[in-house]
Each structure stands twice: as structure tokens, then as C-alpha cells.
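K.L.:
Numbering (this note's numbering), first residue to last: 15 to 439.
Following this line, the structure appears as C-alpha cells:
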């Protein structure tokens, strides 16, 4: 029995040792096996941007490339489109349920009304929000929701060819409608150029109407009610038609766009026109010998001077892949002082950030005055959800008014009725 007991004890000891070794080996194996790392979170940002000039696409492509190098998990799918086709591009994307994560546009309220947009208060960093110009930021809100943020801005002024003015015996730019009409007559009388450029194309009809609406003491909307066919506005459009009927405008207001008219002025075939402050950056590059000047938008005799501003915005659509953290990073990069300053200088815009505005104003008196004017300017009624529809309808008015099919009163009555129907008023 003793030999058997010894064998049993030996067997138990060996079994126990093997169990310990197996357990240790298992632990060692478990510890040595790599633990799967969490899956990397990737983000997609579809960014559809408006093409302002030949500079736009290379500026944004460079910016996106630099951003992706610093943020390899965020892919920015950039598409830059001319304003003529921009609406069609994003409308198609929305209809396919693939809207852009960021869209650079000039309207937003109808998207907001339809519940399509993100609230930027949930996206942008406190640092970015604090440096966006407050008056523009407020215009991009509806009922306390930040449906858009300002991207770039301009103010509109009268630009003129100094040599043509000298040839016509004009000492200073016109400030009133009567002076504008007389100066246009003098320029036409030289036989060298047309007097005053008017853009009633799809691009700028709403701008040309704004110049004479505000210049006559009128407006688009007041107290929440459309005032399109007010006596002041009718008088303004009647003045514009009178200029055309007397041959004092360029010959094709409904055909040649603002950008084309700028080239015509640079080429010495147009005396004056209203344009944005980008004129000073864009036109002299193409016409370096051009001697040009700038003055206020002419207004009805007896009316106070006006400043008219335009600002474009960014909106963010709700998508099935919206990544607010990625959007915040990209927007911080887009509005970074150095890159944003380079963009506005090359494109000829006014900055919408106070930081870049202060830097540029400190070096350029003209920029200082333009930014001061922007803070007091009149704008389109961008907070009205039916503005996009009204704008589209207004673009169709030019031919009918100028070529005698519809009187200014009839045209504005129709536009008023349309605006009220779209607004439910």
C-alpha cells in the first residue's frame, strides 16, 4: 500500500504542477495577445462653394489639402461651382437626399423653414463665434436659431472711368438721380461710351431694384409686410426705365452681367456702374492702365445717402453622416486669421471676422471706411423664408419692364402679389 500511496501522491503533485503551468501559460498567452484597438472614426464633409473668380477654386483646394494633412481622419469633398449653376447643383443633391454638409450661398431662410439645417450654435467653436461680426451674425438667425453664419461681405458703390468723365466734362461722381441722368447724357454725347451700366440679368436684378428702392426712400419689406409696390419703389423703377428709354444706359441691361459690364467699363466703353468693392481688386488686374474712381450710390433728389451691403453665408444641412466635431474643426481652419485674410484680399471682399477686419483696417483707410459703412448698411430681407422665391420671380422682370410689355407699376404689383402669396399674407 505504501508504494501505491507514494505513486498517488506523486501523480497528484504532477497534475497540480501541470495545472499551474497551464494556467500561467494561459495567462501569459492572454497578456501577450494584442488587444484590438478601437476602430478609427472617420468623417466626411461635403462642401459646395460658390465661384467668385478664377482665384476661388485654387484658394479652396489649397486650404482643403492643408486641412486634410493636419486632420487625416476628415475627408473634405470640395465642389466649386459658378453662381449660374450653383442652385441646380445643391437642389439636385437635396432631391437625392445627399445634401452638402456645408454650402456657400446667399439665401438660407427657406431651408430653415423646411427644417433642413443644423443650428450653428451646436457646431462652431466659441472662439469662432466671438470673432464673427455681430450685425451679420444676427441677420443669419431666425427665432434664436443660428441657421447660417456670414462668410464674406461687400458694399455697393458707384465706380466710374475717370478718363471718360474728364472727356465729358464731369468734375465729380453723381450723387442724385438728376445728376446721374445728366452725367450719363454727357458721356453718351461724347460718342465714346454708354453712360450708366444697369444689370437686370438673372445675376443682379434684385440688386438693381434695391438701389432704386432704397434710393427712393422705399424698401422691400417693412414691419413684416412686403412693400414692393409702394409709391417710392414704383418711382424708383420708373426712373430706371426712363434712363433706358432715353438711351442713357448700356444697350443690353438684360443680357450683359455685372462682371461683363466691369470689363466694358475697363475697356473704355462704359462711363459708370454700381458694383461691389471687389471692383478695386478684380478690374485693375485685367486693365492695369484704367484710371477709375468711386462714389456713392445716387439717390432720388432730396433723399439722404444710402449704403447697400450684401453678405454671403455658409449653411450646414442635416445629413445621415453629420459630424459636428469635424465641421467645427474645418470651420476654425477656414476662418483662421491668416488663411481667411489671404482669401478676402485676393477675392476683394470685406472680412466678416472682427480680427481680420481690424488688421486690414489698421493698414488701409479705404478698408476702414468700407467696414464702417458695412456696419450701417441696408441689406436684402434674407430672414424672410419667401425671399428666395421672390428673388427668382424678380429676375424675370427685366425684359418685360424695359421693352414695354409691362409698366413699372404693373410689374411691381405682380411681384407684390407673388410675394404675399408665398408668404401666406
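Beta carbons: idealized from backbone N, C-alpha and C, even for Gly.
So the candidates are 168, 290, 141, 136; which of them puts its Cα closest to the Cα of residue 158?
P.N.:
As a first step, residue 158 must be located in the chain shown, where it is residue number 144. Per the Cα distances, 136.
K.L.:
Compare the Cα-Cα distances from residue 84 to each of 340, 428, 429 and report the closest residue.
P.N.:
Along the chain shown, read from residue 1 onward, the residue named residue 84 stands at position 70. Of the listed residues, the one whose Cα sits closest to residue 84 is 340.
K.L.:
For residue 222, tell me which candidate among 313, 199, 156 has the shortest Cα-Cα distance.
P.N.:
Taking the chain shown and counting its residues from 1, one reaches residue 222 at position 208. The residue with the shortest Cα to Cα distance from residue 222 is 313.
K.L.:
Quick one: complete alpha helix (DSSP H) runs, 4+ long, within the stretch 322-368?
P.N.:
Here the runs fully enclosed are 338-348, 351-361.
K.L.:
Please state whether the Cβ-Cβ distance between residue 66 and residue 283 is less than 9 Å.
P.N.:
Numbered from 1 along the chain shown, position 52 holds the residue referred to as residue 66. Numbered from 1 along the chain shown, position 269 holds the residue referred to as residue 283. Residue 283 is positioned such that its CB atom lies no closer than 9 Å to that of residue 66.
K.L.:
Ordered along the chain, which non-local residues of its own chain (more than five positions away) have a Cβ less than 7 Å from that of residue 298?
P.N.:
As a first step, residue 298 must be located in the chain shown, where it is residue number 284. Counting only Cβ-Cβ distances below 7 Å, and skipping sequence neighbours, we find 304.
K.L.:
Of all the beta strand (DSSP E) runs that stay within the bounds of the stretch 101-146, which reach a length of 3 or more residues?
P.N.:
116-119
K.L.:
Enumerate in chain order the residues of its own chain whose CB-to-CB distance from residue 242 is below 7 Å, with the five nearest sequence positions on each side excluded.
P.N.:
Here residue 242 refers to the residue found at position 228 when the chain shown is read from its first residue. Contacts found: 234, 426, 429, 430, 433.
K.L.:
Starting from residue 214 and walking both ways along the beta strand (DSSP E), at which residues does that stretch end?
P.N.:
Your numbering for residue 214 matches position 200 in the chain shown. Taken as a continuous stretch (DSSP letters only), residue 214 belongs to no beta strand (DSSP E), as it is neither H nor E.
K.L.:
Taking contact to mean 3 or more Cβ pairs, one atom from each stretch, closer than 8 Å, check whether the stretch 118-132 and the stretch 153-172 are in contact.
P.N.:
yes
K.L.:
State yes or no: is the C-beta of residue 263 within less than 9 Å of the C-beta of residue 212?
P.N.:
For the purposes of this step, residue 263 is taken as the residue at position 249 of the chain shown. For the purposes of this step, residue 212 is taken as the residue at position 198 of the chain shown. Cβ distance < 9 Å, so residue 263 and residue 212 count as in contact.
K.L.:
Nearest by alpha-carbon distance to residue 97: which of 208, 326, 177 is it?
P.N.:
Walking along the chain shown from the start, residue 97 turns up at place 83. The candidate whose alpha carbon is nearest that of residue 97 is 326.
K.L.:
Nearest to residue 446 by CA position, among 331, 347, 291, is which residue?
P.N.:
Examination of residue 446 is not possible in this model, given that the chain is present from 15 through 439 alone.
K.L.:
Can you find the residues in the same chain that come closer than 6 Å, C-beta to C-beta, to residue 411, ignoring five residues on each side of it along the sequence?
P.N.:
Counted from its first residue, the chain shown places residue 411 at position 397. Answer for residue 411: 425, listed in chain order.
K.L.:
Closer than 8 Å is the cut-off here; do at least three beta carbon pairs connect the stretch 316-335 with the stretch 113-126?
P.N.:
yes
K.L.:
For residue 87, count neighbouring C-beta atoms within 10 Å of its own C-beta (all shown protein chains included) and say buried if the count is 16 or more, exposed if not.
P.N.:
Sequence index remark: in the chain shown, residue 87 carries index 73 (1-based). Exposed, by the Cβ-count rule.
K.L.:
Would you check if the distance between the CB atom of residue 90 and the CB atom of residue 78 is smaller than 9 Å?
P.N.:
Taking the chain shown and counting its residues from 1, one reaches residue 90 at position 76. Taking the chain shown and counting its residues from 1, one reaches residue 78 at position 64. The answer is yes: Cβ separation under 9 Å.
K.L.:
Count the other CB atoms within 10 Å of the CB of residue 171; is the residue buried (16 or more) or exposed (fewer)?
P.N.:
On the chain shown, residue 171 is found 157 positions in, with the first residue counted as 1. It is buried - the Cβ of residue 171 has at least 16 other Cβ atoms within 10 Å.
K.L.:
For residue 58 versus residue 337, is the C-beta distance shorter than 9 Å?
P.N.:
Position 44 of the chain shown, counted from the first residue, corresponds to residue 58. Position 323 of the chain shown, counted from the first residue, corresponds to residue 337. Yes.
K.L.:
Can you tell me the Cα-Cα spacing of residue 309 and residue 112, whole angstroms?
P.N.:
Numbered from its first residue, the chain shown carries residue 309 at position 295. Numbered from its first residue, the chain shown carries residue 112 at position 98. Each residue's alpha carbon lies about 45 Å from the other.
K.L.:
Less than 9 Å between the beta carbons of residue 394 and residue 220, yes or no?
P.N.:
In the chain shown, the residue the question calls residue 394 occupies position 380. In the chain shown, the residue the question calls residue 220 occupies position 206. In contact: residue 394 and residue 220 (Cβ atoms closer than 9 Å).
K.L.:
Over the uninterrupted beta strand (DSSP E) stretch that includes residue 62, give me the two end residues.
P.N.:
Residue mapping note: residue 62 aligns to position 48 of the chain shown, counting from 1. Its beta strand (DSSP E) spans residues 57-65.
K.L.:
Taking DSSP as the reference, what is the three-state secondary structure of residue 252?
P.N.:
Residue 252 sits at position 238 when you count from the first residue of the chain shown. Three-state DSSP puts residue 252 in a helix.
K.L.:
Mind pulling the alpha helix (DSSP H) runs of 4 or more residues that sit fully within the stretch 366-430?
P.N.:
If we require 4 residues or more, the alpha helix (DSSP H) runs fully inside the stretch 366-430 come out as 368-377, 379-388, 401-408, 412-416.
K.L.:
In three-state DSSP terms, what is residue 281?
P.N.:
Locating residue 281 in the chain shown gives position 267, where the first residue counts as 1. It is coil, neither helix nor strand.
K.L.:
Have a look at 266, 224, 216, 180 and flag the residue whose alpha-carbon is nearest the alpha-carbon of residue 203.
P.N.:
The sequence position of residue 203 within the chain shown is 189, counting from 1. Checking every option, the nearest Cα to that of residue 203 belongs to 180.
K.L.:
Please state whether DSSP places residue 204 in a helix, a strand or coil.
P.N.:
Residue numbering aside, residue 204 sits at position 190 when the chain shown is read from its first letter. In the structure shown, residue 204 sits in coil (DSSP, three-state: anything other than H, G, I, E or B).
K.L.:
If you draw a straight line from the alpha carbon of residue 334 to that of residue 278, how long is it in whole angstroms?
P.N.:
Taking the first residue of the chain shown as 1, we reach residue 334 at position 320. Taking the first residue of the chain shown as 1, we reach residue 278 at position 264. Cα to Cα, residue 334 sits roughly 47 Å from residue 278.
K.L.:
The alpha helix (DSSP H) with residue 296 in it runs from where to where?
P.N.:
In the chain shown, counting from the first residue as 1, residue 296 sits at position 282. It spans 293-300 - the alpha helix (DSSP H) in which residue 296 sits, taken as one unbroken run.
K.L.:
So, do the stretch 194-209 and the stretch 396-411 have three or more beta carbon pairs nearer to each other than 8 Å?
P.N.:
no
K.L.:
Which partner residues does residue 226 have in the DSSP bridge list?
P.N.:
On the chain shown, position 212 is the one that residue 226 refers to. Answer is none; residue 226 lacks a bridge partner.
K.L.:
So residue 174 and residue 322 are supposed to be a Cβ contact under 8 Å. How far apart are they, rounded?
P.N.:
Sequence index remark: in the chain shown, residue 174 carries index 160 (1-based). Sequence index remark: in the chain shown, residue 322 carries index 308 (1-based). 17 Å between Cβ atoms; not a contact.
K.L.:
Roughly how far, in whole angstroms, is the beta-carbon of residue 265 from the beta-carbon of residue 208, given that I think they are within contact range, below 8 Å?
P.N.:
Counting from 1 along the chain shown, the entry for residue 265 is found at position 251. Counting from 1 along the chain shown, the entry for residue 208 is found at position 194. The Cβ separation is near 7 Å, so the contact holds.
K.L.:
Would you identify the three-state DSSP class for residue 95, choosing helix, strand or coil?
P.N.:
On the chain shown, position 81 is the one that residue 95 refers to. Three-state result, residue 95: strand.
K.L.:
Roughly how many angstroms lie between the CA atoms of residue 373 and residue 384, to the nearest whole one?
P.N.:
Position 359 of the chain shown, counted from the first residue, corresponds to residue 373. Position 370 of the chain shown, counted from the first residue, corresponds to residue 384. When rounded, the distance between both Cα atoms is 14 Å.
K.L.:
Quick one: give me the first and last residue of the alpha helix (DSSP H) that residue 77 is part of.
P.N.:
Taking the first residue of the chain shown as position 1, residue 77 is located at position 63. Run containing residue 77: 70-84, per the alpha helix (DSSP H) assignment.
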